[in-house]
Amino acid sequence: MSDGKMLWEIKLGVLATEAEAKQLTDQICHLLCPNPDHTPPCPIPWAIGLDSESEMEPERQEQYEDIREQYRIESGDTAIRPPDKP
Numbered sequence: 001m002s003d004g005k006m007l008w009e010i011k012l013g014v015l016a017t018e019a020e021a022k023q024l025t026d027q028i029c030h031l032l033c034p035n036p037d038h039t040p041p042c043p044i045p046w047a048i049g050l051d052s053e054s055e056m057e058p059e060r061q062e063q064y065e066d067i068r069e070q071y072r073i074e075s076g077d078t079a080i081r082p083p084d085k086p
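Under UniProt numbering, the first residue of the sequence shown carries the number 1, and numbering increases by one thereafter.
Rendered as structure tokens:
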């Protein structure tokens with residue numbers, strides 16, 4: 001790309017229910033494109049995806065262990081455990 005642009009991936013891990021994760025995804029979509037009916041092209045082309053923990057490779061799951069630990073400490077909920085490793 002001649003204008004210096006390149007593809008970036010911005011990662012965001014959240015500990016949430018499926019409904020909360022989908023709602024957050026919708027909010028991010030609205031933040032990136034407040035007017036989905038605008039004339040193309042998008043000023044900043046983007047795509048969004050949603051993966052559950054069970055869909056992640058073990059290495060990716062481990063990247064978010066600090067979020068699980070933070071939740072355990074702050075909530076006192078010891079039921080949140082890392083997934084079983086294959």
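We put the CB at the ideal spot given by N, CA and C, even for glycine.
Only a predicted model underlies this, so the values are computations on that prediction, with no experimental measurement involved.
If I'm right that residue i touches residue j with Cβ under 8 Å, what's the distance once you round it to whole angstroms?
i, j, result
"Tyr71", "Leu15", "5 Å"
So, at 8 Å on beta carbons, what are the nonlocal neighbours of residue i in its own chain, with the 5 sequence-adjacent residues on each side left out?
i, result
"Glu18", "Ser52"
"Thr25", "Ile48 and Leu50"
At a Cβ threshold of 7 Å, is residue i touching chain B?
i, result
"Pro34", "Protein chains in the displayed structure number just one, and chain B is not present."
Residues in its own chain within less than 7 Å of residue i by CB, not counting five upstream and five downstream?
i, result
"Ala21", "Val14 and Leu50"
"Asn35", "none"
Taking DSSP as the reference, what is the three-state secondary structure of residue i?
i, result
"Thr25", "helix"
"Leu15", "coil"
"His38", "coil"
Taking the alpha helix (DSSP H) that residue i belongs to, which residues open and close that run?
i, result
"Tyr71", "Glu65 to Ser75"
For residue i, which residues from the same chain have a beta carbon less than 6 Å from its beta carbon, with the 5 sequence-adjacent residues on both sides left out?
i, result
"Arg46", "The question names Arg, but residue 46 in the sequence shown is Trp. Here the set comprises Leu32."
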